[in-house]
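For the sequence shown, UniProt numbering gives the first residue as 1, with consecutive numbering after it.
Working notes for the structure below.
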Amino acid sequence: MTRTAAHALVEQLEQLGVEYVFGTCGHTNIAVLDALADSRIRFVIARHEQAAAHAADGYARASGRPGVLLVHVGPGLTNAATGVMTAALDSVPLVVISGDIPSYYHGRHPHQEINLHADADQASVFRPFVKRAWNVHRAQDLGRFVERAFWTATSGRPGAVLVNVPMDVFSRPAAPYPPLSHAAPPGLPESTAELIAARLAGAERPLIYVGGGLREDPGPLIRLAEHLDIPIAHSLMAKGTVPDAHPLVIGMPGFWGLELTNACAREADVVLALATRFAETDASSWDPRFTWDLSGSTLIQIDIDPAEIGRNYPAEIGAVADVRLAVEAIADAAAAHPARDRTGLRKQILEARTELFAASRERGRSEDFPLRPERILKDLRDALPPDTVLVTDVGWNKNGVAQCYELPAGGRFITPGGASTMGFGPAAAVGVQLAQPGRTVVALIGDGGMSAQLPAVPLAVEQGAAVIFVVMNNRAHGTISDLQSAHFGRSHGCDFTDPAGRPYSPDFAALARACGADGHTVTAPAELGTALREAVANRRPAVIDVPMVNEPVPTPGHWNIKDIYQGLFTD
């Protein structure tokens, strides 16, 4: 048999260590699927390309390896766009391989070609958010482009890339392409590490601010913070990088941050910012009255992406480096300086954090039904193994968990940050479970997010992924409903109702059973804990439908959208 480019591609993916390819089938990519049939790589078929993209994203976040997504021409590619953008904005390495129309029909408007007012170029749909897009014109170029795609997706600031391949190219003769054997990330020069360590050691009110880019061993960061007794704040994406129970962790700043955290951010004289974009909600819309006031302080910013240095605040010291290597170098340099002791600050942190978690647990004792959201969080903490991975969607399940769920030291928190994509959680949790089959994985999602990605349930069943889907069901897009009610006096277009105006929700537990998963409908407060323990023990996909009341997440910080809504009535 003639060796085709599709077979060469699959052999190359095997050499690159790919375990799973996520995607959907179409006439433009079935040559690749045929080659995968004889491969050790497992193809994870989804019922929608967005679900496939989120699953590949979740797999990448949990495994530390790039996710691989295979999609079809036209609607296959556009269906995947939201999921790929979500990964891209959160710096998740994702390699997308898309089938395209036959090369010799380009611009003639063949079946499913993206065209109308210009010559066809479906790769341009992805260009605003991928690091790079390659259009393959010759079979002998496919291997080289795929090798570059993996290198580009994983080096520097990780992200999504696209390799767009006309379907006829997959069936042409081609030889496999050898993968890159080794690539070293950039470290921090010793002199720069010593300069930063000296600034931190000499500061009166230093602060370390950790972003989502520090995903690996936090040991050097903890060593640095403990030696100089520096409090650690973290972005939404970085929750759990350092355990919540650590005595120097002060939590998130910004809109959902504690007043203590925002005060530390405002009053710090030296801030070491590690792999963070200073996102709007983490920075109170960059208003110096609420979170970051760097007018009289020193910002030291380290990021793998040079475009982030000084983007939102002026940096006195900026360094482009792998943050893990940089922190290790700074911690080593700091060891030459005397240890510091800020006992009063540690006491302050302990009191504030204890009050936060204790108050949340106390509210979680409520026997009201439908359940208060913090009752759901309390039952999760009580019933789940400490190393559980919580994959959230958007709304209370993300914001409330990030703020007031004390994540156990062995646990993991995965959430969509940059795009805040509703529907991320269900399918991403399946990818996480495939990457870490021995752990308990919970998709903590709202009914809006679950409705947006119903294909995740049969996906979990087909893959034998024992995801527990906990649906916080308030029969509404609750966060937006609350926001609209607060500023406009009523909610319209945010709540799910039947033709008679009564609150409506699908029977998610019945859907689960119809798909071959376990389904639980909570009808009394005590039933949630029972259902959780049963689901953990059974190690099968399960959906737990939990009626919940709308209850806004406390917001001690600031977000400019509130000013905008007020301006509608005052300008």
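Cβ coordinates follow ideal geometry from the N, Cα and C atoms, glycine included.
The model shown is predicted, which means the values in this text are computed figures rather than measured ones.
- With a cut-off of 8 Å on Cβ pairs, the stretch 482-491 is not in contact with the stretch 500-520, counting fewer than three such pairs.
- Glycine 417 and alanine 358 have their alpha carbons spaced roughly 26 Å apart.
- With fewer than 16 other CB atoms across the displayed protein chains lying within 10 angstroms of its CB, histidine 111 is exposed.
- When DSSP reads this structure, asparagine 262 sits in no beta bridge, so it has no partner.
- The beta-carbon separation of glycine 58 and valine 391, rounded to 6 Å, stays under the 8 Å limit for a contact.
- Secondary structure remark: continuous beta strand (DSSP E) runs of at least 3 residues inside the stretch 57-86, in chain order: 67-71.
- Sequence-distant partners of histidine 477 (beyond 5 residues in either direction) whose C-beta falls short of 6 Å from its own C-beta, in its chain, are Gly448, Cys494.
- Between threonine 291 and proline 253, the C-beta gap is smaller than 9 Å, which places the two residues in contact.
- Counting only the Cα atoms, valine 21 lies some 18 Å from proline 176.
- Taking 9 Å as the cut-off, the Cβ atoms of alanine 56 and leucine 77 do not count as close.
- Take arginine 127, set aside five residues on each side of it, and the residues of its chain with a beta-carbon closer than 7 Å to its own are Ala133, in chain order.
- Counting C-beta pairs closer than 8 Å gives fewer than three between the stretch 80-96 and the stretch 464-471, which falls short of the contact rule.
- For the options Ile317, Leu444, Trp286, Arg340, the alpha carbon positioned closest to that of leucine 377 is the one of Leu444.
- Each residue's CA atom was taken as its position, placing alanine 160 and alanine 149 some 9 Å apart.
- Residue environment analysis places isoleucine 564 among the exposed positions, since fewer than 16 neighbouring C-beta atoms fall within 10 angstroms of its C-beta.
- With the rule of 3 Cβ pairs closer than 8 Å, the stretch 152-169 counts as touching the stretch 94-103.
- Non-local C-beta neighbours of threonine 521 in its own chain, meaning closer than 6 Å and more than five positions away in sequence, comprise Ala509, Asp545, ordered along the chain.
- For arginine 65, the closest alpha carbon among the candidates Trp396, Arg215, Arg361, Ala352 is that of Arg215.
- Looking from the CA of alanine 139, the closest CA among Leu221, Ser171, Val242 belongs to Ser171.
- In its own chain, leaving out the 5 sequence neighbours on each side, no residue places its CB closer than 6 Å to the CB of alanine 184.
- In this structure, the CA atom of aspartate 121 is about 10 Å from the CA atom of isoleucine 101.
- Taking 8 Å as the upper bound for CB-CB distance, glycine 240 and glycine 395 are not in contact here, some 19 Å apart.
- When the alpha-carbon of glutamate 194 is set against those of Pro458, Thr415, Ala335, the nearest one is in Ala335.
- In this structure, alanine 51 lies near alanine 456, with their beta-carbon atoms less than 9 Å apart.
- In this chain, the beta strand (DSSP E) harbouring methionine 472 covers 468-473.
- Between the C-alpha atoms of alanine 198 and serine 295 there is a straight-line separation of about 21 Å.
- Annotation: serine 103 to valine 165 spans about 9 Å, alpha carbon to alpha carbon.
- Excluding residues up to 5 positions away in sequence, Thr241, Val242 lie with their Cβ nearer than 6 Å to the Cβ of proline 218 in the same chain.
- Under DSSP, the beta-bridge partners assigned to proline 206 are Val270.
- Judged by pairs of C-beta atoms under 8 Å, the stretch 259-277 does not touch the stretch 519-535, as fewer than three such pairs exist.
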